[in-house]
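S.K.: Top line first, the protein sequences correspond to chains C and Z. Everything in the first sequence is counted per our numbering, starting at 1 for the first residue and increasing by one. Everything in the second sequence is counted per our numbering, starting at 1001 for the first residue and increasing by one. Ideal Cβ positions, reconstructed from N, Cα and C, are used throughout, including at glycine. Since the structure is predicted, the reported quantities are computational estimates derived from the model, not experimental observations. Sending over a structure as structure tokens; questions will come in a sec.
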Amino acid sequence: MSLAFDPPRRFGLAQLWICLCGIVWRESLRFLHQRERFISALVRPLVWLFIFAAGFRQTLGVSIIPPYDTYVLYEVYITPGLMAMIQLFNGMQSSLSMVYDREMGSMRMLLVSPAPRWFLLTAKLIAGVAVSILQVYAYLIIAHFWEIDPPSWWGYLTVLPALMLSGLMMGALGMLMSSLIKQLENFAGVMNFVIFPMFFASSALYPLWRVQEGSPWLALVCKLNPFTYAVELIRFAFYQQIDPLSLGVVFGCTVVFLSAAIYAYDPARGILMRRGG
Amino acid sequence: MRDAVNALTVEHVSHAYGARLALDDVSFTVAPGSFSVLLGLNGAGKSTLFSVVTHLYAPKSGVVRIFGHDVARESGPALSRLGVVFQSRTLDPDLSVEQNLAYHGALQGMTGRERRERQKILLERVGLADRVRDKARHLSGGQARRIEIARALLHRPKLILLDEPTAGLDIKARADVLAIVRDLARDEGVGVLWTTHLVDEIRDEDHVVVLHKGKKLADAPCGEIVASVGAAGIGAAFTKLTGAREQEEVDA
């Protein structure tokens, strides 16, 4: 073995790219190994689709609202909401698991990389988003056999950028929460206090005009909920359309959540210190 | 660069968790290629120091440099010269040995080819070349540690830090891990900072830093420390040093 050392590599763009690919690759491998996680990620939206939506089909009529130019079945209406739900669950799960003891070791491994910390955190988010997109497409394949399709095959492609952005927003939100809220130590707490309120107080299950009729107050909450805009962004993109308001809100929230999370994870701020090191 | 000569320089580092002072003005250095031991009981501040050196968080005051690069300000150049073995098991149990190493190589920006070449050499050196395809969960504690040592050296660091690497291992595995680190570090010219509370892991020629309740009590070659307190060995010297400190505290 040689005694001579190579001079340490400069961490340029090529190294950052290798680093990003490695993080995404590992996250995907881990996901494929965790079959239960994959199955539960798939079963959850399918339960909503096959049971909830089928049951409510007759009760809830959806009138013609953009992007739909005809009456749509309730199953069709809630599909974008379920796609966003998959991402919401995934974002919370992967971001929160990062800081809990179970994952503390791998988080420390990640953070001793010479790549800048903001880059590592963003790469970790992107890896989580990649996994959530796999889940969404797996769901769409099954939904296809239930005759839930975009108006054109292109919809499967145009929804991809929307999924990337909404996935980033929800992952960044999870990361930010993990740094701010100490009490959310287990996933049940996150479900009760974050996922369910965000999901129900949004346009995922019912159009906002319907909510407005029932409770103007709830409609206001829905309008203030970033999840609503993620759902609408996906809904329009699935129909090859762009909803500028949703795009703006989701993009803005992603930037804000991500910046705040990176700030919170700065070594000098010490969030990792409190988590125990 | 004033400190370019030292593999690791810890300068007046203090850190507190709330009101509890975990590190109190600690300074020491690790020379390139040397084997240094950070000796202290549980709660001495070893883990805090470890977290600060690995840039997990910044100390309240003081500076840590790796080959002259300030860990807080130039973390990239500093961390690229550092290899780490954490106390907790950090191999991904669901992934194979090779996949674990590939992930680490990617985090260090190594190309696949570069990583495979290094991996081959290092796995042979730690005696586990035949386990490359096995899942990490099927390795014994000692084997997992040896893989972690190979992983820490993968990107050719010039300094490696090991946080109680023999914790939880049986006598044979402990001896193996210690021997492997000593041999590899010597052959590769790597500086080592070995954290432990076990005095039998120390040799006379090792440099020893004694840490007790956040304060540095000694910082010299093992033999000198033993001679300076007039003890029979490093174990007795450690007891004397920490005992004297306790007495001072009582008197004060």
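Mind checking if residue 108 (chain C) is an interface residue toward chain Z, Cβ cutoff 9 Å exclusive?
M.R.: Within the first sequence, numbered from 1, the residue matching residue 108 (chain C) stands at position 108. Yes, residue 108 (chain C) lies at the interface with chain Z (some Cβ there is under 9 Å from its Cβ).
S.K.: Between the C-alpha atoms of residue 1253 (chain Z) and residue 1064 (chain Z), what's the straight-line distance to the nearest angstrom?
M.R.: Residue numbering for chain Z in the displayed model covers 1001 to 1252; residue 1253 (chain Z) lies beyond these limits and cannot be assessed.
S.K.: Just to confirm my understanding: we take residue 1253 (chain Z), look at its own chain, exclude 5 residues before and 5 after, and list those with CB closer than 7 Å. What are they?
M.R.: What the structure shows of chain Z is the stretch from 1001 to 1252, and residue 1253 (chain Z) is not part of that stretch, so it cannot be assessed.
S.K.: Which residues of chain Z have a Cβ atom closer than 8 Å to the Cβ of residue 111 (chain C), listed in chain order?
M.R.: The residue labelled residue 111 (chain C) in the question sits at position 111 within the first sequence. Per Cβ cutoff of 8 Å: 1054, 1055, 1056.
S.K.: Using the beta-carbon of each residue, which ones in chain Z are nearer than 7 Å to residue 21 (chain C)?
M.R.: If you number the first sequence from 1, residue 21 (chain C) lands on position 21. Result: 1106.
S.K.: For a contact meaning CB atoms closer than 9 Å, what does residue 1072 (chain Z) contact in chain C?
M.R.: In the second sequence, residue 1072 (chain Z) corresponds to position 72, counting from 1. Going along chain C in sequence order, the residues near residue 1072 (chain Z) (Cβ under 9 Å) are 267, 268.
S.K.: Taking residue 262 (chain C) as part of the beta strand (DSSP E), name the residues at either end of that continuous run.
M.R.: In the first sequence, residue 262 (chain C) corresponds to position 262, counting from 1. First-last for residue 262 (chain C): 244–264, but that is the alpha helix (DSSP H), not the beta strand (DSSP E).
S.K.: Going by DSSP, what residues sit across from residue 189 (chain C) in a beta bridge?
M.R.: Along the first sequence, read from residue 1 onward, the residue named residue 189 (chain C) stands at position 189. Bridge partners of residue 189 (chain C): none, in fact.
S.K.: In whole angstroms, what is the alpha-carbon distance linking residue 1196 (chain Z) and residue 1212 (chain Z)?
M.R.: By one-based count along the second sequence, residue 1196 (chain Z) stands at place 196. By one-based count along the second sequence, residue 1212 (chain Z) stands at place 212. Between residue 1196 (chain Z) and residue 1212 (chain Z), the C-alpha separation is close to 12 Å.
S.K.: Quick check: is the beta carbon of residue 37 (chain C) nearer than 9 Å to any beta carbon in chain Z?
M.R.: Counted from its first residue, the first sequence places residue 37 (chain C) at position 37. Taking Cβ atoms only, chain Z never reaches closer than 9 Å to residue 37 (chain C), which makes this a no.
S.K.: Would you say residue 75 (chain C) and residue 54 (chain C) are within 9 Å of each other, going by their C-beta atoms?
M.R.: Locating residue 75 (chain C) in the first sequence gives position 75, counting from the first residue. Locating residue 54 (chain C) in the first sequence gives position 54, counting from the first residue. Contact flag set, yes.
S.K.: What are the boundary residues of the beta strand (DSSP E) that residue 1219 (chain Z) is part of?
M.R.: Working through the second sequence from its first residue, we reach residue 1219 (chain Z) at position 219. That run of the beta strand (DSSP E) goes 1215–1221.
S.K.: Report the rounded CA-to-CA distance for residue 116 (chain C) versus residue 123 (chain C), giving the unit in angstroms.
M.R.: Here residue 116 (chain C) refers to the residue found at position 116 of the first sequence. Here residue 123 (chain C) refers to the residue found at position 123 of the first sequence. Looking at the two C-alpha atoms, the distance is approximately 11 Å.
S.K.: My understanding is that residue 83 (chain C) touches residue 139 (chain C), with C-beta atoms under 8 Å, so please give their C-beta distance in whole angstroms.
M.R.: Stepping through the first sequence from its first residue, residue 83 (chain C) is reached at position 83. Stepping through the first sequence from its first residue, residue 139 (chain C) is reached at position 139. Correct: roughly 7 Å between the Cβ atoms.
S.K.: Apart from the five residues on each side of it in sequence, which residues of its chain come closer than 7 Å, Cβ to Cβ, to residue 159 (chain C)?
M.R.: Residue 159 (chain C) sits at position 159 when you count from the first residue of the first sequence. If we look at residue 159 (chain C) and ignore the five residues flanking it on each side, its Cβ neighbours are 234, 237, 238.
S.K.: Counting only Cβ-Cβ distances shorter than 8 Å, please list the residues of the segment 1081–1110 of chain Z near chain C, keeping chain order.
M.R.: 1081, 1082, 1084, 1086, 1088, 1089, 1090, 1092, 1094, 1095, 1099, 1102, 1103, 1104, 1105, 1106, 1107, 1108, 1109, 1110
S.K.: Please return the same chain residues whose Cβ sits closer than 6 Å to the Cβ of residue 258 (chain C), not counting the five positions on each side in sequence.
M.R.: As a first step, residue 258 (chain C) must be located in the first sequence, where it is residue number 258. Only 172 meet the Cβ criterion.
S.K.: Measure the beta-carbon distance from residue 1147 (chain Z) to residue 1181 (chain Z) and round it to whole angstroms, keeping in mind my assumption that it falls under 8 Å.
M.R.: Within the second sequence, the letter at position 147 stands for residue 1147 (chain Z). Within the second sequence, the letter at position 181 stands for residue 1181 (chain Z). Contact doesn't hold; Cβ gap of about 13 Å is too wide.
S.K.: Identify, in the order they occur along the chain, each residue of the same chain with its Cβ nearer than 8 Å to the Cβ of residue 180 (chain C), setting aside the five sequence neighbours on each side.
M.R.: Against the first sequence, residue 180 (chain C) aligns to sequence position 180. Here the set comprises 264.
S.K.: With respect to the beta strand (DSSP E) encompassing residue 1272 (chain Z), which residues constitute its N-terminal and C-terminal limits?
M.R.: As displayed, chain Z neither begins before 1001 nor continues past 1252, which places residue 1272 (chain Z) out of reach and without an answer.
S.K.: Taking 9 Å as the threshold (C-beta atoms), are residue 195 (chain C) and residue 92 (chain C) in contact?
M.R.: As a working mapping, residue 92 (chain C) is identified with position 92 in the first sequence. As a working mapping, residue 195 (chain C) is identified with position 195 in the first sequence. Cβ atoms of residue 92 (chain C) and residue 195 (chain C): closer than 9 Å.
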